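Written out below as structure tokens is the structure these notes cover.
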Amino acid sequence: MFASTPAIIHIDMDAFFASVEQARRPELRGRPVVVGGRVERRSVVATASYEARACGVRTAMPVAQARRLCPQAVFLPTDMSAYTAVHHALLELFGRFTDLVEPVSIDEAVLDVAGSRRLCGPPRAIAGRIQELVYDEHGLACTLGVAPNKLLAKLAADLSKPAGVGVLSEADVHGRLRALPVGRLHGVGPVTQERLHALGLTTVGMLQDVPLPFLAAAFGRAARPLKQLAFGRSLSPVRPIAAAPSSMSHETTFVTDTAEPLALRAALLALADELMARLRGRRYAARTVALKVRDSTFHTLERHTTLPRATTSTRVVYAAATGLLDAVDLGPRRVRLLGITVSGLVSGACQLTFDDGWKDLALDEAVDGVRARYGRHAIRPAATCANRVSLC
Amino acid sequence: MRFACDRTTLVEKLSILARGVSTRSALPVLSGILLQARDGRLELYSTDMELSIKASIATNVETEGEAVVPARLFTDVVKNMAADEVRVEAGDGLVRILAGKATFSLNSWVASDFPPTSSFDMSDAFALGIAPFVETLDKVGRAASRDETRPILTGVLVTIGAGKLKMVATDSYRLSVKETPLEGGPAEEIQAIVPVKALSEVQRLGAALGDGQLRLQITENQALFAVGDVWIATRLIDGQFPNYRQLLPDSFDHAVELDRAELLAVTRRISLLAQKNAPLRLQFSEGKLTIRAVTQDVGQAEEELDAPFSGEPFEIGFNPLFLIDGLEGVAGDSATLKFINPLRPGLVTGADESFVYLIMPIRLSS
Chain H
30 MFASTPAIIH IDMDAFFASV EQARRPELRG RPVVVGGRVE RRSVVATASY
80 EARACGVRTA MPVAQARRLC PQAVFLPTDM SAYTAVHHAL LELFGRFTDL
130 VEPVSIDEAV LDVAGSRRLC GPPRAIAGRI QELVYDEHGL ACTLGVAPNK
180 LLAKLAADLS KPAGVGVLSE ADVHGRLRAL PVGRLHGVGP VTQERLHALG
230 LTTVGMLQDV PLPFLAAAFG RAARPLKQLA FGRSLSPVRP IAAAPSSMSH
280 ETTFVTDTAE PLALRAALLA LADELMARLR GRRYAARTVA LKVRDSTFHT
330 LERHTTLPRA TTSTRVVYAA ATGLLDAVDL GPRRVRLLGI TVSGLVSGAC
380 QLTFDDGWKD LALDEAVDGV RARYGRHAIR PAATCANRVS LC
Chain B
157 MRFACDRTTL VEKLSILARG VSTRSALPVL SGILLQARDG RLELYSTDME
207 LSIKASIATN VETEGEAVVP ARLFTDVVKN MAADEVRVEA GDGLVRILAG
257 KATFSLNSWV ASDFPPTSSF DMSDAFALGI APFVETLDKV GRAASRDETR
307 PILTGVLVTI GAGKLKMVAT DSYRLSVKET PLEGGPAEEI QAIVPVKALS
357 EVQRLGAALG DGQLRLQITE NQALFAVGDV WIATRLIDGQ FPNYRQLLPD
407 SFDHAVELDR AELLAVTRRI SLLAQKNAPL RLQFSEGKLT IRAVTQDVGQ
457 AEEELDAPFS GEPFEIGFNP LFLIDGLEGV AGDSATLKFI NPLRPGLVTG
507 ADESFVYLIM PIRLSS
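Line by line, the protein sequences are chains H and B. Note that the first sequence covers residues 30 to 421 in the numbering used here. Note that the second sequence covers residues 157 to 522 in the numbering used here.
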């Protein structure tokens, strides 16, 4: 509310999923850990610990390939609810220093601590304190960037990974920043980088020095924002509430392709169960349900339906999804992948109607409660057990 | 067609007719008002094919005839005339309006393009008091849905029998049921789902008249009301009205009787801070009720009332407007709130239970 020197801290959790697993299973500490399911499920790597990264394992790499590169690694299924729980706990921790906490993603957050100086000390000290607390309370490592704005704070964190605290000031814009490759700037993607390289602009310093008209000849209107990036200028404020997602989805690939109606239904139930728990966890309700079906020939189709009203109910979304699946003529083909996407999300208070089966609501609430207390696998629909469907 | 008419009376009737005019129809003629002059009377009709309105004015008819005038423009012209009397003449596809030294000519439609008007025959009508009808509708009508995606919920289930009038409406968030004793009425009980839009017009006209009788006739597919010298015809809604008795829980775990006026005042006050769909939170604990509201980025409010509550404390959320509608419907000095749990409907009722109002809660985040 009062003008003060801006102070932004960007926090990036190091190898977040893998670190959460190592933190709760001490025997995994120091060992390569790969989170992202199993080879037989044809899944990809969600996160690799630094020990596994040393072997060349990267995010989004097929698990089979990761296993070849790092056979000694421990491969674990993704336990999203556990990571989400830690994410929320971390947001609470950050909230002790400032009200202005923006969750950027599950493993990143931005804090505006300009108003916290008097109470908590200078920004660099706050960053150090947060790093200590995150380790003490959760056994997790994180990297922090301290700077006058979001752009530079993220860059400062990027430059200090892992487990570091980086500080960038206005002065660094004309110093340290100049030697960095243009690709390090958040906002310069592979395509832009390629085009800048073609113009002979490889470092941030070069981008700073190049006359605007020269840049405009190649980039048009995008030239000015590029120059702003090069000088580390960003006016984007810290927004305490995460931007509302437009949709949420969940999908699963079968171990072996199937056309078995019971197996398909069980998979849909498991998907709806997981997806709706996540939706409820974020306090949303959804109006539109879309079904994605990919067959053995990799032919993919999508069908969607709009509900009379937004819902939080697992059963309602499951019923909508099975209705959509029933209307799909598979012929002799088998299903390789099924996915459910919910969109038309509305947040906040949920007005119940007479049509809401209150027993469904109470059931969802009870299941969410059991999971919050005993973990994601503590309880699940019996139908998904009978068919041994798992989303790991 | 040629007639002369008192300007104020004509304007008054035209503004009633305007509610039946359809400006967005595929049929342009429905944006007009049909004028028929014969036997010393001017009769005016408008319709949107669901709702039709007729009005009648005793007037000096010089030449009988009929024409359809553009509703909005004709009304504005008549309204803006300076003289107390207006003359209207029709011929050659034009309608002329003359008053004092002013002359207007408006393009018009031929009367044969207008939908048939024979539906105003009231030979089987019966009479009932305006006051009980308006009172019942006032308590129930607001619970009817305005959302056309479920047409059945845009209707009010009206039951009229010897000695009683009953109306039921629900928009799936709340249910309102009101039973009122009636003098007269039909010998055999009749029941129909009447669109709330038509009922609101009847309510408006009835409230303006105050006391007296209205006449009602319900046939297989339409309801016809006569209020003073205005008739309202509406298509009935076809289908099965929700079984509202099934929605009413057999029993409740908590019943709290409160001073109605005080509860209503507190609810209205605290609702000021329940903006942007924020719920009104009712917190019950031993001997008291705390009503709270929080609107993010705006502020919060809370107020405590003494309440005869005992047992495990609990909190339930409601849309403030829904709760206010319910409390306003209760007659008498006290209102009773009944609950089962925060996921099941709450009941608002008065001492005699002739008015029952059920509201679904807003789910509160824990």
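A virtual CB, placed ideally from N, CA and C, is assigned to each residue, including glycine. Quantities reported herein were computed from a predicted structural model and do not represent experimental measurements.
>> So within the stretch 65-117 of chain H, which uninterrupted beta strand (DSSP E) runs reach at least 3 residues, ignoring any that extend past its ends?
In response: 103-105
> Using a Cβ-Cβ cut-off of 8 Å (strictly less than) and excluding sequence neighbours within five positions of residue 386(H), which residues of its own chain qualify?
Replying inline: Position 357 of the first sequence holds residue 386(H). Cβ neighbours of residue 386(H) beyond the five flanking positions: 342 and 344.
>> Any C-beta of chain B within less than 7 Å: which residues of the stretch 372-384 of chain H qualify?
In response: 377, 378, 379, 380, 381, 382, 383 and 384
>> Alpha carbons only, please: which of 244(B), 234(B), 174(B) and 206(B) is nearest the one belonging to residue 198(B)?
In response: Here residue 198(B) refers to the residue found at position 42 when the second sequence is read from its first residue. Residue 244(B) is the option with its Cα nearest to residue 198(B).
>> For the stretch 331-348 of chain H, list every residue whose C-beta sits within 9 Å of some C-beta in chain B, in sequence order.
In response: 337, 338 and 341
>> Tell me which residues share the same chain as residue 108(H) and place their Cβ nearer than 7 Å to its Cβ, disregarding the 5 neighbours each side in the sequence.
In response: Taking the first residue of the first sequence as 1, we reach residue 108(H) at position 79. Here the set comprises 405.
> Just checking, does the stretch 135-154 of chain H make contact with the stretch 36-43 of chain H on the three C-beta pairs under 8 Å criterion?
Replying inline: yes
>> Counting only Cβ pairs nearer than 9 Å, list the residues of chain H close to residue 447(B).
In response: The residue labelled residue 447(B) in the question sits at position 291 within the second sequence. Within chain H, no residue comes near residue 447(B); the closest Cβ sits about 16 Å away, beyond 9 Å.
> What are the partner residues of residue 471(B), as DSSP defines its beta bridges?
Replying inline: Locating residue 471(B) in the second sequence gives position 315, where the first residue counts as 1. In the DSSP output, where bridge partners are listed per residue, residue 471(B) has 439(B).
> Quick one: what's got a C-beta closer than 8 Å to residue 43(H)'s C-beta in the same chain, skipping five residues either side?
Replying inline: Within the first sequence, numbered from 1, the residue matching residue 43(H) stands at position 14. These residues qualify, in order along the chain: 79, 169, 170, 171, 172, 190, 191 and 192.
>> Taking its Cβ as the centre, do 16 or more other Cβ atoms sit within 10 Å of residue 169(B), making it buried, or is it exposed?
In response: Against the second sequence, residue 169(B) aligns to sequence position 13. Residue 169(B) comes out buried.
>> I'd like to know if residue 430(H) contacts chain B, where contact means its C-beta is closer than 8 Å to some C-beta of that chain.
In response: Residue 430(H) falls outside the range modelled here, since chain H spans only 30 to 421, and no answer is possible.
>> Taking only three categories from DSSP, how would you classify residue 431(B)?
In response: Along the second sequence, read from residue 1 onward, the residue named residue 431(B) stands at position 275. In this structure, residue 431(B) counts as coil in the three-state DSSP scheme.
> DSSP state of residue 347(H), grouped into three classes?
Replying inline: The residue given as residue 347(H) occupies position 318 in the first sequence. Three-state DSSP puts residue 347(H) in a helix.
> What three-state label does DSSP hand residue 320(H) in the structure shown?
Replying inline: Locating residue 320(H) in the first sequence gives position 291, where the first residue counts as 1. Strand.
>> Considering only their Cβ atoms, is the gap separating residue 408(B) from residue 511(B) smaller than 8 Å?
In response: Position 355 of the second sequence, counted from the start, is the residue given in the question as residue 511(B). Position 252 of the second sequence, counted from the start, is the residue given in the question as residue 408(B). No, these two residues do not count as a Cβ contact at 8 Å.
> Count the other CB atoms within 10 Å of the CB of residue 253(H); is the residue buried (16 or more) or exposed (fewer)?
Replying inline: For this step, residue 253(H) is matched to residue 224 along the first sequence. Per the 10 Å Cβ criterion, exposed.
>> Can you look up residue 327(H) in the DSSP assignment and give me helix, strand or coil?
In response: Here residue 327(H) is taken as the residue at index 298 of the first sequence, counted from 1. Note: residue 327(H) maps to coil in three-state DSSP.
>> Which residues of the stretch 385-416 of chain B have a Cβ closer than 8 Å to any Cβ of chain H? Give them in chain order.
In response: 398 and 403
>> Within 8 Å of any Cβ in chain B, is that where the Cβ of residue 230(H) sits?
In response: As a first step, residue 230(H) must be located in the first sequence, where it is residue number 201. Judged by the 8 Å Cβ criterion, residue 230(H) is not in contact with chain B.
> Would you say residue 129(H) reaches chain B, if we count a Cβ-Cβ gap shorter than 8 Å as a contact?
Replying inline: For this step, residue 129(H) is matched to residue 100 along the first sequence. Residue 129(H) does not count as touching chain B.
> Any residues in the stretch 237-261 of chain H with a beta carbon nearer than 7 Å to a beta carbon of chain B? Which ones, in chain order?
Replying inline: none
>> Just to make sure I have the definition right: I need the residues of chain B whose C-beta is within less than 7 Å of the C-beta of residue 391(H). Which are they?
In response: Residue mapping note: residue 391(H) aligns to position 362 of the first sequence, counting from 1. Chain B residues near residue 391(H): 499.
>> Whole angstroms are fine: how far does the CA of residue 392(B) sit from the CA of residue 269(B)?
In response: As a position in the second sequence, residue 269(B) is number 113, starting the count at 1. As a position in the second sequence, residue 392(B) is number 236, starting the count at 1. When rounded, the distance between both Cα atoms is 24 Å.
> To which residues does DSSP link residue 379(H) through a beta bridge?
Replying inline: The residue you call residue 379(H) lines up with position 350 of the first sequence. 519(B), per the DSSP bridge assignment.
>> Taking 8 Å as the threshold (beta carbon to beta carbon), is residue 264(B) in contact with chain H?
In response: Position 108 of the second sequence, counting from 1, holds the residue named residue 264(B). With 8 Å as the cut-off, residue 264(B) does not count as an interface residue toward chain H.
> For residue 310(B), which of helix, strand or coil comes out of DSSP?
Replying inline: Taking the first residue of the second sequence as 1, we reach residue 310(B) at position 154. DSSP places residue 310(B) in helix when its eight states are reduced to three.
> Do you know whose CA, among 457(B), 423(B) and 166(B), lies nearest residue 491(B)'s CA?
Replying inline: Residue mapping note: residue 491(B) aligns to position 335 of the second sequence, counting from 1. Closest by alpha carbon: 423(B).
> Nearest-angstrom Cα distance between residue 254(B) and residue 313(B)?
Replying inline: Locating residue 254(B) in the second sequence gives position 98, where the first residue counts as 1. Locating residue 313(B) in the second sequence gives position 157, where the first residue counts as 1. So the alpha carbons of these two residues sit roughly 46 Å apart.
> Nearest-angstrom Cα distance between residue 416(H) and residue 347(H)?
Replying inline: As a first step, residue 416(H) must be located in the first sequence, where it is residue number 387. As a first step, residue 347(H) must be located in the first sequence, where it is residue number 318. Reliability fails at residue 416(H), whose pLDDT of 47 lies under 50, so the model's placement of it is uncertain and no value is given.
> From 309(B), 173(B) and 366(B), pick the residue whose C-alpha is nearest to that of residue 224(B); which is it?
Replying inline: Translated into the one-based positions of the second sequence, residue 224(B) becomes position 68. Taking only the C-alpha atoms, the option nearest residue 224(B) is 173(B).
> Taking any Cβ of chain H, which residues in the stretch 305-316 of chain B have a Cβ under 8 Å from it, in chain order?
Replying inline: 305 and 306
>> Counting only beta-carbon separations shorter than 8 Å, does residue 519(B) have a partner in chain H?
In response: For this step, residue 519(B) is matched to residue 363 along the second sequence. With 8 Å as the cut-off, residue 519(B) counts as an interface residue toward chain H.
> Can you tell me the Cα-Cα spacing of residue 330(B) and residue 472(B), whole angstroms?
Replying inline: Translated into positions along the second sequence, residue 330(B) becomes position 174. Translated into positions along the second sequence, residue 472(B) becomes position 316. Cα to Cα, residue 330(B) sits roughly 15 Å from residue 472(B).
> Which class does residue 124(H) belong to by DSSP, given the choice of helix, strand or coil?
Replying inline: Within the first sequence, the letter at position 95 stands for residue 124(H). Helix.
> What is the rounded straight-line gap between the Cα of residue 434(B) and the Cα of residue 455(B)?
Replying inline: Indexing the second sequence from 1 puts residue 434(B) at position 278. Indexing the second sequence from 1 puts residue 455(B) at position 299. Rounded to the nearest angstrom, the two C-alpha atoms are 11 Å apart.
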